[in-house]
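From first to last, the protein sequence lines stand for chains A, D, C and H.
According to the working numbering, numbering within the first sequence proceeds without interruption in unit steps and concludes at 613.
According to the working numbering, numbering within the second sequence proceeds without interruption in unit steps and concludes at 613.
According to the working numbering, numbering within the third sequence proceeds without interruption in unit steps and concludes at 613.
According to the working numbering, numbering within the fourth sequence proceeds without interruption in unit steps and concludes at 613.
A quick write-up on the structure given underneath.
Number of protein chains: 4
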Amino acid sequence: MKIKAGIVGATGYAGAELVRLLAAHPKAEIAAVSSVSFEGEKLSDVYPSYKFLNDMVCENSDAVIEKSDVIFAALPHGLSQELAAKCRAEKKSFIDLGADFRLESEEEYTEWYGGTFLDKKLHEQSAYGLPELFRDKIKGKRLIANPGCYTTCSPLAIAPAIANGLVETKGIICDCKSGVTGAGRKPTQGSHFPELNEGFHAYKVASHRHTPEIEQTLSKLAGKKVTVTFVPHLLPVNRGILATVYADIKEGITFERIRKTYENYYKDEFFIRLLDDGGCADIHNVRYSNFCDISIHYDSRANKLIACAAIDNMVKGAAGQAIQNMNIVFGIDENAGLVIVPPAF
Amino acid sequence: MKIKAGIVGATGYAGAELVRLLAAHPKAEIAAVSSVSFEGEKLSDVYPSYKFLNDMVCENSDAVIEKSDVIFAALPHGLSQELAAKCRAEKKSFIDLGADFRLESEEEYTEWYGGTFLDKKLHEQSAYGLPELFRDKIKGKRLIANPGCYTTCSPLAIAPAIANGLVETKGIICDCKSGVTGAGRKPTQGSHFPELNEGFHAYKVASHRHTPEIEQTLSKLAGKKVTVTFVPHLLPVNRGILATVYADIKEGITFERIRKTYENYYKDEFFIRLLDDGGCADIHNVRYSNFCDISIHYDSRANKLIACAAIDNMVKGAAGQAIQNMNIVFGIDENAGLVIVPPAF
Amino acid sequence: MKIKAGIVGATGYAGAELVRLLAAHPKAEIAAVSSVSFEGEKLSDVYPSYKFLNDMVCENSDAVIEKSDVIFAALPHGLSQELAAKCRAEKKSFIDLGADFRLESEEEYTEWYGGTFLDKKLHEQSAYGLPELFRDKIKGKRLIANPGCYTTCSPLAIAPAIANGLVETKGIICDCKSGVTGAGRKPTQGSHFPELNEGFHAYKVASHRHTPEIEQTLSKLAGKKVTVTFVPHLLPVNRGILATVYADIKEGITFERIRKTYENYYKDEFFIRLLDDGGCADIHNVRYSNFCDISIHYDSRANKLIACAAIDNMVKGAAGQAIQNMNIVFGIDENAGLVIVPPAF
Amino acid sequence: MKIKAGIVGATGYAGAELVRLLAAHPKAEIAAVSSVSFEGEKLSDVYPSYKFLNDMVCENSDAVIEKSDVIFAALPHGLSQELAAKCRAEKKSFIDLGADFRLESEEEYTEWYGGTFLDKKLHEQSAYGLPELFRDKIKGKRLIANPGCYTTCSPLAIAPAIANGLVETKGIICDCKSGVTGAGRKPTQGSHFPELNEGFHAYKVASHRHTPEIEQTLSKLAGKKVTVTFVPHLLPVNRGILATVYADIKEGITFERIRKTYENYYKDEFFIRLLDDGGCADIHNVRYSNFCDISIHYDSRANKLIACAAIDNMVKGAAGQAIQNMNIVFGIDENAGLVIVPPAF
């Protein structure tokens with residue numbers, strides 16, 4: 269019997285991507301979808317590419333919880349805590365694609381998002397769903413905080429070096445470039461085609477909410493507080509994030525050792541593709557898939573490690589990783605439904 | 269046991285797309301691939317998006333024939349006839365994505381392509397692989413001429429009206445717009461990013477080789493010679509063709525009757541999605557899939573039928589349709605491996 | 269002394285393009301700009317590319333009329349008639365980039381736009397500002413109806429053949445493709461980057477408001493009523509329209525004669541560039557300029573003329589042509605401020 | 269009388285852009301153009317956007333030198349030294365858009381480019397043409413080394429802070445993103461539309477030839493050796509470079525002081541537009557113009573300065589700056605021909 273998956277917020281971009289990916293999952297099926305804006309309307313009226321393939325009618329979140337074994341919530345920040353509590357009461361698994369459960373420190377949550385933890389126990393029972401780094405913590409959990417897009421690729425780029433103490437934990441820079449789907453479905457002046465097309469700029473420089481989340485992940489790996497400088501930029505493409513991460517190599521550490529460490533660290537990770545020397549991670553090569561391509565480079569003149577990580581922000585950076593987490597939670601093959609060959613063009 | 273599929277010309281765009289799609293086919297597997305330009309090299313060195321997912325080494329065409337039950341040939345025009353003969357000798361099925369077997373008239377082939385029919389019997393044993401229109405002719409055949417991209421969407425747009433005698437067979441216009449993958453992998457000045465990007469133009473106006481093929485298909489449906497005006501244009505997008513087809517409605521025929529005829533004609537076709545009144549077929553909604561979206565429109569002032577058909581030129585216009593033909597030839601579910609939800613963005 | 273030009277609706281796309289082009293005009297200067305949405309704000313706050321080059325503050329339309337010799341109105345349809353009356357009262361020239369004065373028939377205006385002619389005399393005193401076709405009617409006028417974008421390139425493509433009776437006036441098809449700036453500055457779902465990018469579709473098929481305007485122009489040239497089938501499509505590019513126009517060549521007319529007629533018809537037109545045989549008009553080559561590139565093609569099999577015309581929809585299709593009209597109205601060099609080399613990339 | 273300008277290598281992208289910009293220059297005119305690949309052909313056959321506006325026939329470099337007062341060389345690296353010697357012999361001014369005269373150290377030139385200085389005196393007589401930083405050195409010179417694209421925007425982004433000792437000279441990172449025209453006119457697999465479109469990646473990580481040139485400029489400003497980490501990336505857009513530069517702020521220096529320093533440093537520079545707090549430099553806003561938009565940002569958590577500089581790589585990064593240098597060399601208004609309002613879309 270297939271896992272019954274429900275999607276709350278199915279008409280947003282992350283929700284819509286869950287619909288697309290779950291349609292090809294061998295062991296799960298979509299039981300119900302909800303949308304506040306489009307309740308009572310067909311999903312395929314919002315996304316005509318789904319016509320005849322998923323013509324489900326959007327319901328409300330209560331209906332989704334009732335019909336599902338696992339509930340994915342793809343909601344604006346701040347709306348997931350209450351939903352998570354309901355799911356726990358109904359003994360349903362809950363995978364949150366929003367930010368409500370990502371930060372362990374309530375203080376940081378309040379500082380960056382302005383809210384509070386409604387039920388501290390819920391937070392304690394949750395796990396941060398970045399499987400390649402914290403798989404053991406995810407197993408057995410029913411409440412998963414799915415990482416954000418920047419917060420998936422930035423740590424993955426540098427994790428092996430941080431976890432093994434090969435680079436300094438001070439002065440790390442994450443210069444990230446994201447496709448525009450990361451900003452969601454709602455049209456804005458900044459995503460209006462004539463103003464974004466042929467343009468490129470940074471935004472929320474050193475003030476983006478993903479900053480503390482990246483630091484939380486790296487600090488856990490380092491075993492001490494890591495601070496990063498994080499600058500996101502907006503690319504005129506639909507999908508993909510490239511994180512270019514800079515770190516000072518510790519004295520006495522060779523680049524050869526770093527490469528070996530990366531190879532060893534990721535050797536069993538299906539979704540991480542470490543490129544050979546000379547390769548450069550390209551968002552073009554991971555589109556529509558759950559892969560994270562990583563290339564590492566050495567600046568011998570400044571003795572810096574430069575690591576590039578490319579993901580599809582809507583898959584490994586959102587819906588795909590959420591399904592990966594579902595697979596872990598339900599104890600099935602972690603790659604189920606996610607073995608997708610990225611298109612060559 | 270899975271069907272063993274071989275691809276000759278696997279490093280061209282149509283070949284590479286076959287690799288991507290066959291990887292997800294439940295009842296077929298890739299047995300061997302060949303490439304003249306990259307013999308001895310890994311497919312994933314040419315297309316890094318395939319890394320770790322298909323690292324097969326390109327062999328030569330003889331090796332492909334030997335190892336395969338069915339051979340897909342994605343070659344420049346003129347190179348398939350000899351290969352088809354070899355496959356027949358070896359009793360292997362052969363699906364040709366090139367033009368060598370598409371035209372039934374040798375005279376027309378010579379006029380438009382400059383070659384001759386090397387073995388007339390081979391041509392007589394072949395079938396033209398546009399399943400929605402000629403499914404019965406495909407069943408039981410071992411040699412399939414897979415239609416070109418323009419020659420799939422243009423006829424599908426107007427077929428119901430032609431086959432049922434609702435429009436005049438004279439004066440039909442096919443104004444088509446194609447993404448640039450249709451021109452293949454080889455870089456040219458015209459596909460150089462800065463010169464194609466933000467541009468749009470017609471090419472080979474009323475002189476493109478797909479003209480006689482479109483006419484051949486429509487003439488069969490009409491039961492008499494149909495001549496079309498065909499003008500292709502180049503879109504600054506990767507994938508997709510939109511055909512906008514204009515035809516004069518015969519006296520006494522209402523648009524309502526035309527709509528009913530379309531609904532009936534395509535009611536059992538999984539890959540045809542006829543849009544409701546008011547909808548307009550968009551290449552955005554069929555990308556990476558084998559679907560053909562069709563919208564029909566009425567110009568009451570000029571009493572014309574305007575039909576728009578959108579396909580992914582590399583899937584329904586090439587590799588996907590080839591697999592659909594393989595499924596028919598091998599008697600398995602026609603949709604096997606092709607039930608793909610097109611991404612919403 | 270320079271002509272004082274005022275722009276009502278300066279923060280819309282056509283208004284903003286007027287600002288850009290007038291900045292380089294040797295004999296005109298911008299006296300004032302207005303905007304309902306941004307009154308009191310700087311133009312360069314709305315368009316940061318204008319920073320330090322035009323930091324004028326948006327006023328209201330009365331202030332613009334008072335300070336200007338000529339008023340350009342770039343307003344939504346229906347808002348220009350009152351403004352035109354005010355300008356006449358103040359003896360100011362008025363160039364309307366909207367549709368209010370384009371149609372000579374009030375009946376057609378009511379049918380397609382839903383309004384009425386508030387002051388019939390005003391309409392009689394206006395001229396339709398397509399200089400290449402109606403230059404003599406523009407001279408000496410103070411009220412100019414600047415044509416729409418589709419209604420500039422479609423008639424220019426076919427005018428020589430129509431005016432000289434070389435093609436049939438029945439069954440003409442205008443298959444047009446426009447960049448997205450034609451839809452204006454306001455963000456919508458359809459112009460949201462992820463949904464337009466990599467997409468292409470027709471819209472308002474055979475029902476777009478520019479239809480009667482194209483017919484009005486062609487009917488004048490033909491000396492009898494011409495009906496056209498007009499289908500616009502949306503291109504994922506910022507700027508440019510390509511009109512592909514199809515017409516049946518009259519019996520006994522050779523293509524050579526058509527070419528000679530085109531050459532003769534446009535031989536003194538600076539902004540028309542008739543391409544040599546084999547060339548295809550490309551929107552890429554006219555971007556940011558007032559040029560209209562035209563290529564003509566012969567379908568010998570169907571005996572049709574196919575004419576392609578490419579313009580920048582915001583320049584020759586809006587602001588540039590408006591300035592060309594201003595130059596004519598003020599009796600200065602028609603090309604003043606408009607001799608711009610289109611960028612090669 | 270106008271300055272007679274000649275262009276050697278006029279059919280490359282930088283040469284073609286010189287043609288476009290010089291056409292609008294009030295005090296200069298193009299006297300001759302040359303091209304090795306297209307000698308004897310019309311420029312407008314290579315770039316159809318120039319049709320009727322510049323139909324000059326490409327000659328050879330000797331003809332260009334003979335007919336011109338100033339020679340612009342837009343050649344592959346290594347071909348300018350001989351040409352410069354000829355120009356000196358003929359007492360013509362020479363502005364080199366290549367790299368041959370950019371580096372003052374022959375040792376560095378040999379290390380990064382593999383050549384030698386053919387005539388050391390020539391190098392001593394040359395000036396590095398980045399006017400905003402070295403205007404006084406350019407005046408009176410006849411041989412100008414026009415900076416590369418990355419080497420214009422990266423130093424301009426950080427110059428005020430470096431020149432005034434506000435940031436550390438160690439650990440500076442230049443994370444740059446360039447449009448594809450930077451790679452020139454020759455089609456390659458990497459610039460083939462389907463493979464670049466919807467892609468983004470770094471290249472030549474920490475090994476690009478512009479590295480020593482950036483360091484040379486910053487070292488001069490700092491008065492001591494500065495080393496930078498330079499990583500270029502390729503954007504799927506035609507034009508523009510964004511440099512995001514990171515530097516550690518020295519102890520005791522406030523961000524307010526940095527902002528004041530920037531304001532003061534650039535207060536008389538027409539082509540530098542320092543954005544207000546909250547603004548982010550965007551390549552969209554400088555396209556087709558000679559402007560450099562700069563925004564500065566403070567990372568209070570890591571005490572870093574982050575400066576973004578946006579230029580059009582083909583204008584301020586090549587042809588426009590070359591004309592700016594010509595204006596200085598000839599003692600005319602430095603902005604002549606370069607007061608261009610960047611298009612809003």
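In this text, a Cβ means the ideal position worked out from N, Cα and C, and glycines have one as well.
Keep in mind that this is a model prediction, so the values were computed, not measured.
Residues of the segment 541 to 566 of chain H whose Cβ lies closer than 9 Å to any Cβ of chain C, in chain order: R541, L543, G547, D550, H552, N553, V554, R555, Y556, S557, F559, D561. What P316(D) touches in chain H, judged by beta-carbon distance under 8 Å, is nothing: the nearest beta carbon there is about 10 Å away. Shortest Cα-Cα distance from N595(H) to any of S329(H), A357(H), L398(H) involves L398(H). Taken through DSSP and simplified to helix, strand or coil, A590(D) comes out as helix. Judged by DSSP secondary structure, Y418(A) falls within the alpha helix (DSSP H) whose first and last residues are 418 to 431.
A425(C) sits away from V499(C), with the two beta carbons spaced by 7 Å or more. In the three-state DSSP reduction, V473(H) falls in the coil class, being neither helix nor strand. By the Cβ test, the segment 436 to 454 of chain A is in contact with the segment 506 to 522 of chain A, since at least three Cβ pairs between them sit closer than 8 Å. Under the Cβ criterion (8 Å, minimum of three pairs), the segment 478 to 495 of chain C does not count as touching the segment 577 to 589 of chain D. The beta carbon of E466(C) falls within 7 Å of a beta carbon belonging to chain D, placing the residue at that interface. Closest by C-alpha distance to T497(D), out of V473(D), I509(D), V554(D), is V473(D).
Counting only the Cα atoms, V609(A) lies some 39 Å from D567(H).
With 16 or more other Cβ atoms from the protein chains shown falling within 10 Å of its own Cβ, Q592(A) counts as buried.
DSSP, read as helix, strand or coil, puts P500(C) in strand. Using a 10 angstroms sphere on the CB of N532(C), the tally of other CB atoms stays under 16, which defines it as exposed. L573(A) has a beta carbon lying at 7 Å or more from every beta carbon in chain H. Taking 7 Å as the CB threshold, N506(H) lines the interface with chain C. DSSP places E307(C) in the coil class of the three-state scheme, outside both helix and strand. Within the same chain, Cβ atoms closer than 6 Å to the Cβ of A395(C) are found at K405, I406, K409, I412, the five residues on either side in sequence being excluded. Secondary structure of K454(C) (DSSP, three-state): coil. Using a 10 angstroms sphere on the CB of A342(D), the tally of other CB atoms reaches 16 or more, which defines it as buried.
In this structure, A296(A) keeps its C-beta atom at 7 Å or more from the C-beta atom of G274(A). At least one CB atom of chain H sits nearer than 7 Å to the CB of P610(C). For the segment 435 to 455 of chain C, the set of residues with a beta-carbon nearer than 9 Å to any beta-carbon of chain D comprises K438, G439, I440, I441, D443, K445, G447, in chain order.
For I482(C), same chain residues with a beta-carbon under 8 Å away, outside a window of 5 residues either side, are Y418, T419, S422, P423, C442, V496, F498 in chain order. In the DSSP assignment, Y377(D) falls within the alpha helix (DSSP H) that extends over 374 to 381.
Taking 9 Å as the upper bound on Cβ-Cβ separation, chain C lies near residues Y318, K319, F320, L321, N322 of the segment 318 to 329 of chain H. Around G547(H), the same chain offers S563 as residues with beta carbons nearer than 7 Å, after the five sequence neighbours per side are excluded. For the C-beta of T485(A), not a single chain H residue is nearer than 7 Å; the gap to the nearest is close to 16 Å. Counted as a single uninterrupted DSSP element, the alpha helix (DSSP H) harbouring E350(H) occupies residues 348 to 357. Contact between the segment 284 to 294 of chain C and the segment 349 to 358 of chain C is absent: fewer than three C-beta pairs spanning the two stretches fall below 8 Å. Residues of the segment 344 to 369 of chain A with a Cβ closer than 7 Å to any Cβ of chain C: none. By the neighbour-count definition (other C-beta atoms within 10 Å, threshold 16), Q457(C) is an exposed residue. The C-beta of E374(A) has fewer than 16 other C-beta atoms within 10 Å across all chains shown, which makes the residue exposed. The C-beta of K572(A) has 16 or more other C-beta atoms within 10 Å across all chains shown, which makes the residue buried.
Measuring C-alpha to C-alpha distances from F340(D) to each of V505(D), H552(D), P462(D), A278(D) identifies A278(D) as the nearest.
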